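Structure, as structure tokens:
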Amino acid sequence: MPQFKMADRLAALPPYLFAEIDRVKNEVKARGVDIISLGIGDPDMPTPDFIVDALYASAKKPENHQYPSYVGLRTFRAAVSTWYKGRFGVDLDPDNEVVSLIGSKEGIAHFPLAYVNPGDLVLVCTPNYPVYNVATGFAGGTTKFLPMTDANNFLPDLDQVTDAEWDKAKMIFTNFPNNPTSACAPKSFYEKLVKKCRETNTILVADAAYTEMYYNEAAKPISVFEIPSAKDVAIEFHSLSKTYNMTGWRIGMAVGNSDLVKGLGKIKENVDSGIFQAVQEAGIAALEKGDAYAEKFRAVYKERRDTLAAGLKKIGIDFRLPEATFYFWCKVPNGQDSKGFVTKVLQETGVVVTPGNGFGSPEAGEGYFRIAMTVGKEKIEEALSRLAKM
Numbered sequence: 044m045p046q047f048k049m050a051d052r053l054a055a056l057p058p059y060l061f062a063e064i065d066r067v068k069n070e071v072k073a074r075g076v077d078i079i080s081l082g083i084g085d086p087d088m089p090t091p092d093f094i095v096d097a098l099y100a101s102a103k104k105p106e107n108h109q110y111p112s113y114v115g116l117r118t119f120r121a122a123v124s125t126w127y128k129g130r131f132g133v134d135l136d137p138d139n140e141v142v143s144l145i146g147s148k149e150g151i152a153h154f155p156l157a158y159v160n161p162g163d164l165v166l167v168c169t170p171n172y173p174v175y176n177v178a179t180g181f182a183g184g185t186t187k188f189l190p191m192t193d194a195n196n197f198l199p200d201l202d203q204v205t206d207a208e209w210d211k212a213k214m215i216f217t218n219f220p221n222n223p224t225s226a227c228a229p230k231s232f233y234e235k236l237v238k239k240c241r242e243t244n245t246i247l248v249a250d251a252a253y254t255e256m257y258y259n260e261a262a263k264p265i266s267v268f269e270i271p272s273a274k275d276v277a278i279e280f281h282s283l284s285k286t287y288n289m290t291g292w293r294i295g296m297a298v299g300n301s302d303l304v305k306g307l308g309k310i311k312e313n314v315d316s317g318i319f320q321a322v323q324e325a326g327i328a329a330l331e332k333g334d335a336y337a338e339k340f341r342a343v344y345k346e347r348r349d350t351l352a353a354g355l356k357k358i359g360i361d362f363r364l365p366e367a368t369f370y371f372w373c374k375v376p377n378g379q380d381s382k383g384f385v386t387k388v389l390q391e392t393g394v395v396v397t398p399g400n401g402f403g404s405p406e407a408g409e410g411y412f413r414i415a416m417t418v419g420k421e422k423i424e425e426a427l428s429r430l431a432k433m
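Counted the way this note's numbering counts, the sequence shown spans residues 44 to 433.
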């Protein structure tokens, strides 16, 4: 049988750290152990009925059965613009500063193809969603990780980047509220970063998928575009996935600098055919009527957060109390390594958590593990009970 060598870009991918965890998970499950998965950032609550109903009604329209526009329905882009204005006080031109995405992951993965040439430097704040550095590699770029540590409140130290690196950098990826650390960035951080990007002609790529999963109404996460000059250099990626429990629907948006939005659109018109229009019309319903539901979801996650925080304290596990997102960033106890600890927890308790060294730079996440609050309060209590017996 012929053997086919995969492209070098695939061979250069970092090792799949979770393969061994998946193997152990299957072994534990085969022993009859009830698995409690706190590993995947996928909401367990269903999409609100009014959004499903909107999809059903739209799917019956014959005009929605044809190829959609790759940039998205104008009505959807206008709804995004209206939502941004109401939520962040940001003005967006729906014709030039908004593009629809088949989920924000798709847009983030494609964006470097529009601006990164082989050998270009890309800065990635880490621990991070792995797509940033993987997409950079697929475009032929080189990643420099900017560590985010507990000592700096899990913000990158921008002053550690040399002038030569800033001058060379094509773009910088940020993600606040952050997955996996749950940290939020203050306005002062964005002001400094936007200023630096304008001075050095660096594209600022802001992943803002978790802004609506916050726990303090008085300190809601902000958009980078609340900095007036951010549109000179920035593009922001957002999604309906976490806000309205629509992960499987694959609908999101990128907004901001018109040239950057256009560049991403140019890639998309050559690699995809847009989002099913009925899904976009359901997305419009979510953006127009979904805020009350998002508030209810936050209340559920806050109860889970408080339950998990109290339980982890009793067990003696150090953690970062989430300011936003549905993730806990916890320190591995007793000097164990991340992968070894996670494997031990799974083998002995049937509880799945995620090793910190799987998020971007392995060094930045080593010594930590992530818990996702994507099961009900009772399951969380059961997981805590099992962990306490280790």
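For each residue, glycine too, the CB sits at the ideal point set by N, CA and C.
Source: prediction; values computed, not measured.
Given that a residue counts as buried once 16 or more other Cβ atoms are within 10 Å of its Cβ, and exposed if not, what is Tyr-370?
buried
Could you give the first and the last residue of the continuous alpha helix (DSSP H) run that contains Lys-305?
301–314
Any idea what DSSP makes of Pro-405, helix, strand or coil?
helix
Using only alpha-carbon positions, find the residue among Ile-414, Thr-254, Tyr-344, Asn-259 that is nearest to Leu-389.
Ile-414
In the DSSP assignment, the alpha helix (DSSP H) including Pro-155 goes from what residue to what residue?
147–158
9 Å Cβ cutoff met for Tyr-258 and Tyr-336
no
If you reduce the DSSP assignment to three classes, tell me which class Thr-185 lands in.
strand
Could one say the Cβ of Asp-275 lies closer than 9 Å to chain C's Cβ atoms, at least one of them?
Here chain C cannot be found, since the structure has a single protein chain.
Please state whether DSSP places Pro-86 in a helix, a strand or coil.
coil
For Val-396, the nearest candidate out of Gly-403, Ala-407, Thr-417 (CA to CA):
Thr-417
Buried or exposed by the 16-neighbour rule on C-beta atoms within 10 Å, applied to Arg-52
exposed
Tell me, which residues are paired with Pro-166 by DSSP?
Residue identity differs from the one stated: residue 166 is Leu in this sequence, not Pro. Answer by DSSP bridge pairing, in chain order: Lys-187, Ile-215.
What number of angstroms, rounded off, separates the C-alpha of Glu-70 from the C-alpha of Glu-63?
11 Å
Asp-163 beta carbon less than 9 Å from that of Thr-217
no
How many angstroms separate the CA atom of Val-304 from the CA atom of Val-298?
7 Å
Does Leu-247 come out as helix, strand or coil in the three-state DSSP assignment?
strand
Could you tell me the distance, in whole angstroms, from the CA atom of Leu-351 to the CA atom of Ile-423?
7 Å
How is Glu-366 classed by DSSP in three states: helix, strand or coil?
coil
Terminal residues of the continuous alpha helix (DSSP H) containing Arg-348?
334–358
What ranges does the beta strand (DSSP E) occupy inside the segment 367–393, keeping only unbroken runs of at least 3 residues that lie completely in it?
370–374
So what does DSSP say about Ser-124, is it helix, strand or coil?
helix
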